[in-house]
Amino acid sequence: MSKKTKILVTGGTGYIGSHTVVELQEKGYDVVIIDNLSNSGIGVLDRIEKITGIRPEFECFDLTDAGKVENFFSRHSDIKALIHFAASKAVGESVDLPLLYYQNNLSSMLNLLQAIRKYNIPNFVFSSSCTVYGEPDKLPVTEASPVKPATSPYGNTKQIGEEILRDAAKAHSELQLISLRYFNPIGAHDSALIGELPNGVPLNLVPFITQTAIGIREKLLVFGNDYSTPDGSCIRDYIHVVDLAKAHVIAIERLINKQNKHNMETFNLGTGKGVSVLEAIESFEKVSGQKLNYEIVSRRPGDVEQVYADTRFANDELGWKAQLSIDDAMLSAWRWEQSLKK
Ligand code: WQD
0 MSKKTKILVT GGTGYIGSHT VVELQEKGYD VVIIDNLSNS GIGVLDRIEK ITGIRPEFEC
60 FDLTDAGKVE NFFSRHSDIK ALIHFAASKA VGESVDLPLL YYQNNLSSML NLLQAIRKYN
120 IPNFVFSSSC TVYGEPDKLP VTEASPVKPA TSPYGNTKQI GEEILRDAAK AHSELQLISL
180 RYFNPIGAHD SALIGELPNG VPLNLVPFIT QTAIGIREKL LVFGNDYSTP DGSCIRDYIH
240 VVDLAKAHVI AIERLINKQN KHNMETFNLG TGKGVSVLEA IESFEKVSGQ KLNYEIVSRR
300 PGDVEQVYAD TRFANDELGW KAQLSIDDAM LSAWRWEQSL KK
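For the sequence shown, numbering that gives the first Met the number 0 assigns the number 0 to the initial residue and increments by one for each residue that follows.
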């Protein structure tokens, strides 16, 4: 039996991380997770094991601790590639605690990059975000669309993170780097064993919808219907988290198999379809058979009116295309919410 290729997933007990671990394991990879469990629970390992039959190797420590990162790699120099999800990601919180966000998100990445250089592990996939595009001038956004001044320290850590990768790729040709810009990840694994677990009151739309429908929240507030969009509510590109996870496996394989054309590549990961808040609500009501209690209120500061992806580059270069619809995602999110009640 040939030894399995080992992949490191930082933040692997988190929402997108856990779904990616499942897809990697199902593709035959040996996965080791580093997570400090600041925004996820150790129980996710049991659930991943329940889905795939394989319990990922797991180490709990903070990636801002350079000594611990170095020690980890000295014991795992057989890692072939890594996917870096671990980061603080609450937009609002980042406005209140910018220093924590810069410290955590940037020093973690820098520690990892120093370590992979030292241990000759060239392949690094970075979890970035469409937030780098701000309010786009033209839609849909392509990877060449201008990066706009960040509207939050969280978004800025993604932009700075990409700049760090670009400079590192230029200076160190042995590094092989990919940045994946996610649009709006939603939904959950079909097993309803893993999904989005917001800490406290959800900031994102879909968990707030499902928590309202299940009775945890009294009603959903729709932040504005006076935008210049067909129904007045904001438009986003909602991508099923399983489609997103599959794209990470493809990105890793592109690097491992040396199929990348440059040593720093960037891909938009979206569906290419813009969906408004009111259309998202409609989709949820249709698949759940539940009427949602919501009220239109004033706009949320910082929201962009519309952003959705031009996915041709990812479709053509990665041979990846989102397969699942907003209805599939909403149904999986609802099943996940119901499973939490059990
Ligand atoms: C979507 C739409 C809201 C909640 C953020 C981050 C982004 C990424 C995804 C990390 C907007 C509306 C929401 C509610 C509402 N995170 N809404 N009522 O803001 O597009 O993106 O999360 O990578 O970086 O910026 O996602 O789900 O918060 O909002 O009306 O209670 O839903 O106004 O139009 P967003 P969201």
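Just so it is clear, CB atoms sit at the ideal spot from N, CA and C, and this is done for glycine as well.
For residue i, tell me which candidate among the options has the shortest Cα-Cα distance.
{"i": "Val276", "options": "Ala313, Glu252 and Met329", "result": "Met329"}
{"i": "Lys49", "options": "Pro145, His247, Ser17 and Lys320", "result": "Ser17"}
{"i": "Pro197", "options": "Asp29, Trp335 and Gly27", "result": "Trp335"}
{"i": "Leu219", "options": "Leu174, Gly154, Gly288 and Ser297", "result": "Ser297"}
{"i": "Ala313", "options": "Thr270, Thr211, Tyr14 and Gly214", "result": "Thr270"}
{"i": "Asn103", "options": "Tyr14, Lys117, Lys157 and Lys79", "result": "Lys157"}
{"i": "Asp315", "options": "Asp166, Ala250, Glu304 and Asp136", "result": "Ala250"}
{"i": "Gln182", "options": "Glu25, Glu58, Glu92 and Val240", "result": "Reading off the sequence, residue 182 comes out as Phe, not Gln. Cα-wise, what sits closest to Phe182 is Val240."}
{"i": "Arg46", "options": "Glu294, Leu243 and Tyr14", "result": "Tyr14"}
Using only the alpha-carbon positions, how far apart do residue i and residue j sit?
{"i": "Thr345", "j": "Ser1", "result": "Since the displayed the chain opens at 0 and closes at 341, residue 345 lies outside it and no answer follows."}
{"i": "Tyr139", "j": "Arg235", "result": "For clarity, residue 139 is Pro in the given sequence; the question names Tyr instead. Distance between the alpha carbons of Pro139 and Arg235 is about 11 angstroms."}
{"i": "Ala187", "j": "Pro206", "result": "11 angstroms"}
{"i": "Asn70", "j": "Gly10", "result": "18 angstroms"}
{"i": "Lys367", "j": "Lys3", "result": "One cannot answer for residue 367 here, as it falls past the ends of the chain, which runs 0 to 341."}
{"i": "Ile6", "j": "Tyr226", "result": "44 angstroms"}
{"i": "Tyr28", "j": "His247", "result": "13 angstroms"}
{"i": "Val345", "j": "Ala308", "result": "As displayed, the chain neither begins before 0 nor continues past 341, which places residue 345 out of reach and without an answer."}
{"i": "Asp327", "j": "Ala170", "result": "43 angstroms"}
{"i": "Glu284", "j": "Lys290", "result": "6 angstroms"}
{"i": "Asn110", "j": "Ala332", "result": "35 angstroms"}
{"i": "Phe125", "j": "Leu176", "result": "8 angstroms"}
{"i": "Gln337", "j": "Arg165", "result": "43 angstroms"}
{"i": "Pro55", "j": "Glu217", "result": "38 angstroms"}
{"i": "Val30", "j": "Leu44", "result": "11 angstroms"}
Using only the heavy atoms of the ligand WQD, determine whether one of them is closer than 7 angstroms to the beta carbon of residue i.
{"i": "Lys79", "result": "no"}
{"i": "Thr130", "result": "yes"}
{"i": "Asp236", "result": "no"}
{"i": "Leu105", "result": "no"}
{"i": "Tyr181", "result": "yes"}
{"i": "Asn203", "result": "yes"}
{"i": "Leu174", "result": "no"}
{"i": "Cys233", "result": "yes"}
{"i": "Val31", "result": "no"}
{"i": "Asp95", "result": "no"}
Could you name the residues that DSSP lists as bridge partners for residue i?
{"i": "Val146", "result": "Paired residues: none, contrary to the question."}
{"i": "Ser293", "result": "Before going on, a small fix: residue 293 reads as Tyr here, not Ser. In DSSP, Tyr293 forms a bridge with Leu219."}
{"i": "Val30", "result": "Ile6"}
{"i": "Ala80", "result": "Ile6 and Asn122"}
{"i": "Leu176", "result": "Phe123 and Met263"}
{"i": "Ile193", "result": "The partner list for Ile193 (beta bridge, DSSP) is empty, contrary to what the question assumes."}
{"i": "Phe57", "result": "Ile32"}
{"i": "Tyr14", "result": "According to DSSP, which records beta bridges pairwise, Tyr14 is partnered with nothing at all."}
{"i": "Ile185", "result": "His239"}
To test your reading of the DSSP string, which unbroken alpha helix (DSSP H) runs of 4 or more residues are found completely within the segment 112-172?
152-170
Can you list, in chain order, the stretches of the alpha helix (DSSP H) that have 4 or more residues and sit fully within the segment 225-301?
240-255 and 276-287
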